[in-house]
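Letter by letter, the sequence shown follows residues 795 to 1106 of the numbering used here.
All remarks here apply to the structure that follows.
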Amino acid sequence: MKVTVVGAGAVGATCADNIARKELVEELVLVDIKEGFAEGKALDIMQTSALLGFDTRVTGVTGDYSRTAGSDVVVITSGIPRKPGMTREELIGTNARIVEDVSKNLLKYSPNAIIVVISNPMDTMTYLTLKATGIDKHRVIGMGGILDSSRFKTYLQQALNCSQNDLHAVVVGGHGDTTMIPLTRLATVNGTPVSNMLSDEQLKQIAADTMVGGATLTKLLGTSAWYAPGAAGAALVESIIRNEKKVFPCCVALDGEYGQKDICLGVPVVIGRNGWEKIIDYKLDASEQEAFNKSADAVRSMNQVLDTLVQA
């Protein structure tokens, strides 16, 4: 099995490091446009092999997509990171052309690959990838909801003083500060609703903190986060490669599900060897569905900006 990660920056390198450590594949390729950058990151990762006990072969290349040939899964992290004060919408102009070019180059050498999109704004980049490549919708997956749900669990854990591994908590909708929807009503600790343990005020604060989770880190770090996004990407790759059938909230193409069409948005899906296999209906209540519709409207507005850029 072979995986390619495009973009050897902090998120891409962290994703690759997690994939190598878990020995998900025999071969892992890092690609970047900066001369020697991917090669250096790959060599650095390989020099941890004896220390960490993995045998995945990691190589780096500068812009040579022929070296990615035969990849089963490709992860796109390339693009400029979000800076303090910058919205995901502002990233569209630069990142759209990067992601479109990268996805087409990857499919030239790996026509059957599953594409995982991490580049921001993630919902719009996922939609672009699907439209630009024309491949089966089940092979295009945006990672964002996995990361947002992990952040949701972190804030719940801090309030409950429990293990995150005992929490089931999901974020649906767009991967944006105002578009994501932490489903507090459905969050549980080993089957017990968290609403039995936390007040409405606490849950509202946790939801609010989750929604600005990325912006909070950007303000603290001066750039986008990388440990959790990289780990989230690797978790998605793992479920694909190992055919785990895990249910993850991911950005996928909707065709009537959750009341939306012609859009890529975060919903719970089963992830297996062929990509996303089916969408799980969480039966949103009226207020949750209203929030989901508003999220879709906001993402659709970003997609319209993308349409203008593509036509230009």
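Each residue gets a CB set at the ideal place from its N, CA and C atoms; glycine is no exception.
These figures come from a predicted structure and were not determined experimentally.
The straight-line gap separating the alpha-carbon atoms of D838 and G879 is approximately 32 Å. Counting along the chain, R851 sits inside the beta strand (DSSP E) bounded by residues R851 to T856. With a cut-off of 8 Å on Cβ pairs, the region 1044-1055 is in contact with the region 1077-1096, counting three or more such pairs. Cα atoms of Y859 and L1014: separation of roughly 35 Å, rounded to the nearest angstrom. Under a 10 Å Cβ-count criterion, Q1098 is classified as exposed, with fewer than 16 other Cβ atoms of the shown protein chains found around its own Cβ. T798 is bridged by DSSP to V823 and V868.
Residue environment analysis places E995 among the exposed positions, since fewer than 16 neighbouring C-beta atoms fall within 10 angstroms of its C-beta. By the criterion of a C-beta distance shorter than 7 Å, A863 is surrounded in its chain by Y903 and S904, once the five residues flanking it on both sides are discounted. A distance of 9 Å or more separates the beta carbons of R891 and I909. Taking the Cα of S1095 as reference, the smallest distance to any Cα among T973, E1038, V1031 and N990 is reached at T973.
Here E829 is exposed: its Cβ has fewer than 16 other Cβ atoms, across all protein chains shown, within 10 Å. With respect to the 9 Å criterion, P1062 and V1031 are not classified as neighbours on the basis of their beta carbons. The three-state reading of DSSP puts V1006 in coil, since its state is none of H, G, I, E or B. Straight through space, the alpha carbons of S913 and Y949 are spaced by roughly 24 Å.
The beta-carbon distance between V965 and S943, rounded to whole angstroms, is 5 Å. This is short enough to meet the 8 Å contact definition. About 5 Å separates the beta carbon of T1004 from that of P976, a gap short enough to meet the 8 Å contact definition. For the region 964-1041, the continuous alpha helix (DSSP H) assignments of 4+ residues that do not extend past its boundaries occur at 994-1005, 1007-1015 and 1021-1035, in sequence order. Going by beta carbons, I827 and S897 fall outside the 9 Å limit.
When DSSP reads this structure, A1047 sits in a beta bridge with C1058.
Using a 10 angstroms sphere on the CB of L822, the tally of other CB atoms reaches 16 or more, which defines it as buried. Every unbroken stretch of the beta strand (DSSP E) spanning 3 or more residues and falling wholly within the region 916-971 is given here in chain order: 934-936 and 965-967. A Cβ-Cβ separation of about 11 Å leaves V855 out of contact with V799 under the 8 Å criterion.
Judged by DSSP in its simplified three-state form, E1071 adopts strand.
Less than 9 Å divides the Cβ of S865 from the Cβ of L900. DSSP places G1066 within a strand segment (E or B) once states are collapsed to three. By the CB criterion at 9 Å, G939 and H969 fall inside the cutoff.
Following the DSSP letters along the chain, one finds I886 inside the alpha helix (DSSP H) bounded by residues I886 to Y903. The criterion of a C-beta distance shorter than 9 Å is not satisfied by S843 and A802.
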